[in-house]
Amino acid sequence: MRNVFVENRQRSLVRVSLRHIARRRWQSALFIVGVALGVAMMVAIDLANGSAGRAFRLSTDTVAGKATHQVLGGPTGLDEAVYRQLRVELGQRDSAPIVEGYVIVPTLDSQPLRLLGVDPFAEAPFRTYLTTNAQRVPLDSLTALLTRPNTVLLSESLAESYRLRSGDTLDLRIGAQIKPVQIVGLIRPSDDISRRALAGLILTDIATAQELLDMRGRLSHIDLIVPATDAAQLDRLRVMLPPGVSIEPAAARANAIEQMTSAFELNLTALSLLALVVGMFLIYNTVSFSVIQRRPVLGTLRALGVTRGEIFAIVLIEALALGLIGTLLGLGLGVILGRAAVALVTQTINDLYFVVNVRTVDVPLLSLLKGLVIGLAAALLAAAGPALEATSVPPVSAFRRSVIESKIRRSLPWLTLTGLGLATVSVLLLWLPQDSLVLNFAGLFLMVLAFALLTPGVTLVLMALVTPLSSRLFGYLGRLAPRTVARSLSRTSVAIAALMVSVSVIIGVSLMISSFRSTVEDWLGATLQADIFVSPPTLTATRVTTALPAGLAAALAQEPDLRRVETARSVTVSSPDLGQVAVVAVSGDISDGQRRYLWSSGANAAELWRQVREGAVIVSEPFINLRGLPNQGRGATLRLLSDQGLREFPVAAVYYDYAAGAGTVIMDDAVYRRLWKDTAVNSVALYVQPGRSVDAVVQTLRARFADQEALVINPNAALRRAVLEVFDRAFAITVALQLLATVVAFVGVLSALLSLQLERTRELGILRASGLTRRQLWGLTLLETGLMGGTAGLLALPAGLALALVLIYVINLRSFGWTLQLQLSPATFVQAFGVALLAALLAGIYPAWRQANMVTADALRGE
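The following block contains the structure:
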């Protein structure tokens, strides 16, 4: 009998809960919107990051196949004689030569594609897509590939995308040259994964690849299959290989490249989670008001015997139900936004790090489950406080609305102390020397939470201070508005905190971006001294990797309009201690010491260049910071594997550098050419004769070298503009995330205002009956919202500055190794304050309209 009674009571409680949700559609909708937007942002960034990462791994794994190790040479690759030595003399039968590089096909949307040259007779143990079984590659296509020059195979999916077929001709842009090839067949992958992986691949015979990439007699690397149990075989191979050749695990290079983007992706993820944090304020506000609305009902239920646990469960079940709806909507919206975000993320990765082709947005079940769990957890966590408050409703005080506000007032000292405590913990987490970005972001989020907990106390003080001024300006409405904000602190302070967090993020990120941009502009002014720069088309915007045509630098040096020509060679070399290291060999400026750098450490410029001419190197600040080298690199020795074996290079100085990546090593061109058998040049810097027009010389050079149509010849100003355009593209997605977080906060203010309106219906009805006009009611509402927005804006100023300091001096430094110069712009603070005020006023328009059009008689009846 007791069980039947309990079941009936539980069903009745569920019906009461559902009836409340149905009657308060606006509140339920705002709750759902808060969860949905937060989850959508998080899922969108997770999908974009994951899709880009999976596309890169899929492409890399497909090319690597079953290889366990790779034999690597220097910047120009390996002599193909090493392959013969491995296979014939050393008996390493499971080995396959590879020649690879990136090419651009103008007729295929100018997208970068990987050109892979292989030996079909050595491929069987490594990769299966050249096999003729199951018609993956027809036999006649494979025969044509081996017997006819300049022939290639394309994946069937790529051919279908651009309506290509066997026999068609493609023009490949390789460096500054255009080379035609003929399609002689299509690769038909056996499954969808292979189909997607091969979509960015052009396959050819190794001899053809050597000719196309100008690597005659050279190999990019040699793939090996060596069982993990046969370490002795690897040792024998290492001993027998010539100087400058090393053996590395096949996954080592891919892992090193992926690590470059890990900090970038973590920064985006943290910013997306911030929107969910702002959404939690909205959830708290909505549930809190729901509890306050039903205090008489909850008190009655308690008097009828409903337990505290059942009341707690009612509130949480409501939050769970609405949170589930919001989360599901957020997952769908996140998938839609993810398709847009993946383009921005991919563009940034291509600009700053490496080439990645993302043709589809993967929607893995794990990402959706992660969004579902986090969305529901956020809803329950935000609702836990109001749910706990609901359990403390004594029947005797259920009908007194002042009870909850008196509790808030009594808890203000504890909230303030907790906020100060969290701020202290945040500072400790950020100040302590450690390499965990997760802990750094934890400190950042604790700082945001600390400011939020300080909001109620600061709001109360500000309302007391502003009352005399508002009274003189607006009369009795000016006295009433601050009192209303302070009297309803349990709702208004949460909305103010949500808006404050969003606006502080705007300030913090804006200051970081403007400081970064200003620092980059100063850096460009100091380092880009030449009048004209000549380079081949680049695959990534920050680094030139393909070589200029042989003899071009010498031809440019003969031009009468030029007074000086300098060259640069950008390569990647191996270090036994640090893995792959980016090296730039520069000429001209080394000999006369005229190149200007922003020095982080080191002696005077003349002495530095003298040391560099003698074999020392200078390294960038990220090179030191990201590797944790002691003493800021001073006195360190860098070991690099050259074509003549292992060599040591003393570090002479550290310079500021803001190119993306893991840092750069600069050495004298003569030293580099002496140790590496490499004559190629990546870029040329030109200095124009005094009195000559730079633009006129650029036009002359473009006409002079018009036969090399892909050659990029740009004046200094154009190159600077291009770099800053890349910078602006990199932060485009950050600005989008800021705007979405502000939208969530706007919804939070709207929720609080609607809640206040519903709670004050009877009070406002009495004011209307006492002679308050509609215009005055509009003024009262907008004054209240203005005070809330102004308070949020004022609180956001110090909070935003604190966030900017953390982003600049902690997050950026530990993520990317950059030291930025803080630029404080008063316009940023004024604009952010205006955003807070405007958002609050806009959110107050609809509640003001509803209040002005209410029926006074209905309002006086109460709820």
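Under the working numbering, the residues of the sequence shown are numbered 133 to 995, in order.
We treat Cβ as the ideally placed atom computed from N, Cα and C, and that holds for glycine.
This structure is a prediction, so every number in the text was calculated from the model and none was measured.
Reducing DSSP to helix, strand and coil, say where Gly-747 ends up.
Secondary structure at Gly-747: coil, using DSSP grouped into helix, strand and coil.
Look up Pro-1000 in the DSSP assignment and give the residues it is bridged to.
With the chain covering only 133 through 995, there is no way to say anything about residue 1000.
Could you tell me the alpha carbon to alpha carbon distance between Ser-646 and Ser-815, rounded to whole angstroms?
Ser-646 and Ser-815: Cα-Cα distance of roughly 30 angstroms.
Rounded C-alpha distance that separates Ser-160 from His-201:
Computed Cα separation, rounded: 58 angstroms.
Given Leu-969 as reference, the closest of Val-635, Ala-748, Gly-455 and Arg-696 once Cα atoms are compared
Considering only Val-635, Ala-748, Gly-455 and Arg-696, the residue with the shortest C-alpha distance to Leu-969 is Val-635.
Where Val-635 sits in the DSSP three-state scheme:
Reduced to three states, the DSSP call for Val-635 is helix.
If you compare alpha carbons, which of Pro-979, Thr-340 and Glu-857 is closest to Pro-312?
Nearest in C-alpha terms to Pro-312, of all of Pro-979, Thr-340 and Glu-857, is Thr-340.
What's the C-alpha gap between Asp-709 and Leu-772?
The alpha-carbon atoms of Asp-709 and Leu-772 are separated by roughly 9 angstroms.
Of all the options Arg-216, Leu-304, Leu-461 and Ala-383, which has the alpha carbon lying nearest to the alpha carbon of Pro-374?
Among Arg-216, Leu-304, Leu-461 and Ala-383, the Cα nearest to that of Pro-374 is on Arg-216.
Rounded to whole angstroms, what is the Cα-Cα separation between Gly-166 and Gly-458?
When only Cα atoms are considered, Gly-166 and Gly-458 end up about 8 angstroms apart.
Can we say the stretch 956–964 touches the stretch 608–623, given the rule of at least three CB pairs closer than 8 angstroms?
Per the Cβ contact rule, the stretch 956–964 is not in contact with the stretch 608–623 (fewer than 3 Cβ pairs under 8 angstroms).
Can you tell me the Cα-Cα spacing of Gly-299 and Ile-315, whole angstroms?
Taking the Cα positions, Gly-299 is about 5 angstroms away from Ile-315.
So is Arg-151 buried or exposed if we call it buried at 16+ other beta carbons inside 10 Å?
By the neighbour-count rule (16 or more Cβ atoms within 10 Å), Arg-151 is not buried but exposed.
Val-474: buried (16+ other C-beta within 10 angstroms of its C-beta) or exposed?
Under this definition Val-474 is a buried residue.
In whole angstroms, what is the alpha-carbon distance linking Leu-843 and Val-705?
Those two C-alpha atoms are separated by around 26 angstroms.
Should Ser-902 go down as buried or exposed, given a rule of 16 or more other Cβ atoms within 10 Å for buried?
By the neighbour-count rule (16 or more Cβ atoms within 10 Å), Ser-902 is not buried but exposed.
Please classify Ser-352: does DSSP put it in a helix, a strand, or coil?
Coil, per DSSP.
In this structure, does DSSP put Leu-927 in helix, strand or coil?
Leu-927 falls in the helix class under three-state DSSP.
Taking C-beta to C-beta, are Gly-233 and Leu-247 nearer than 8 angstroms?
In this structure, Leu-247 lies closer than 8 angstroms to Gly-233 by Cβ.
Neighbour-count burial assignment, Leu-830, 16 or more Cβ in a 10 Å radius:
The residue you asked about is not Leu; residue 830 is Val in the sequence shown. Looking at its Cβ environment, which holds 16 or more other Cβ atoms inside 10 Å, Val-830 is buried.
What does the Cβ neighbour count give for Gln-267, buried or exposed, with the cut at 16 atoms within 10 Å?
The predicted model places Gln-267 with a pLDDT of 44, which falls under 50 and marks its position as unreliable, so this point remains unresolved.
For Ala-530, the three-state DSSP class (helix, strand or coil):
Per-residue confidence for Ala-530 stands at a pLDDT of 43, beneath the threshold of 50, marking its modelled position as unreliable; no derived number is given.
Determine the DSSP secondary structure at Tyr-819, reduced to helix, strand or coil.
For Tyr-819, the three-state secondary structure derived from DSSP is strand.
Cut-off 6 angstroms between Cβ atoms - residues of its own chain near Ser-723, not counting five sequence neighbours on either side
Reliability of the predicted coordinates at Ser-723 is poor, the pLDDT of 44 falling under 50, and the value obtained from them is presented with this limitation in mind. No residues qualify anywhere along the chain.
Tell me whether Ala-266 sits in a helix, a strand or coil according to DSSP, three-state version.
Per-residue confidence for Ala-266 stands at a pLDDT of 44, beneath the threshold of 50, marking its modelled position as unreliable; the derived number appears in the next sentence. The DSSP-derived three-state label of Ala-266 is helix.
I want to know whether the stretch 782–791 touches the stretch 749–758 - three or more CB-CB distances under 8 angstroms.
Enough Cβ pairs lie closer than 8 angstroms, so yes.
Reduced DSSP category for Tyr-804 - H, G, I as helix; E, B as strand; rest coil
Of the three classes helix, strand and coil, the one that applies to Tyr-804 here is helix, per DSSP.
Residues near Ala-984 by beta carbon distance below 7 angstroms, same chain, minus five either side:
Annotation for Ala-984: Arg-906, Leu-909 and Trp-910 place their beta carbon closer than 7 angstroms to its own, counting only its chain and skipping 5 residues before and after.
Is Gln-908 helix, strand or coil when you go by DSSP?
Helix.
For Phe-253 and Ala-199, the rounded distance between their alpha carbons:
In this structure, the straight-line span from the alpha carbon of Ala-199 to that of Phe-253 is close to 16 angstroms.
Could you tell me whether the stretch 351–369 touches the stretch 302–310, using the rule of 3 or more Cβ pairs below 8 angstroms?
No: the two stretches stay apart, fewer than three of their Cβ pairs being nearer than 8 angstroms.
Report, in whole angstroms, the separation of the C-beta atoms of Arg-852 and Leu-660, which I expect to be a contact under 8 angstroms.
Confirmed, Cβ separation roughly 6 angstroms.
Our contact map puts Ala-662 next to Tyr-819 with C-beta atoms below 8 angstroms; I'd like the distance itself, whole angstroms only.
Contact holds; Cβ gap of about 6 angstroms.
When burial is assigned at 16 or more other CB atoms within 10 Å of the CB, is Thr-769 buried or exposed?
With fewer than 16 neighbouring CB atoms inside 10 Å of its own CB, Thr-769 falls in the exposed class.
Alpha carbon of Leu-939 to alpha carbon of Gly-206, nearest angstrom
If you take the alpha carbons of Leu-939 and Gly-206, they lie about 38 angstroms apart.
Taking the alpha-carbon of Val-115 as reference, which of Ala-812, Tyr-790, Trp-741 and Ala-849 has the nearest alpha-carbon?
This structure leaves residue 115 out entirely; the chain is present only between 133 and 995.
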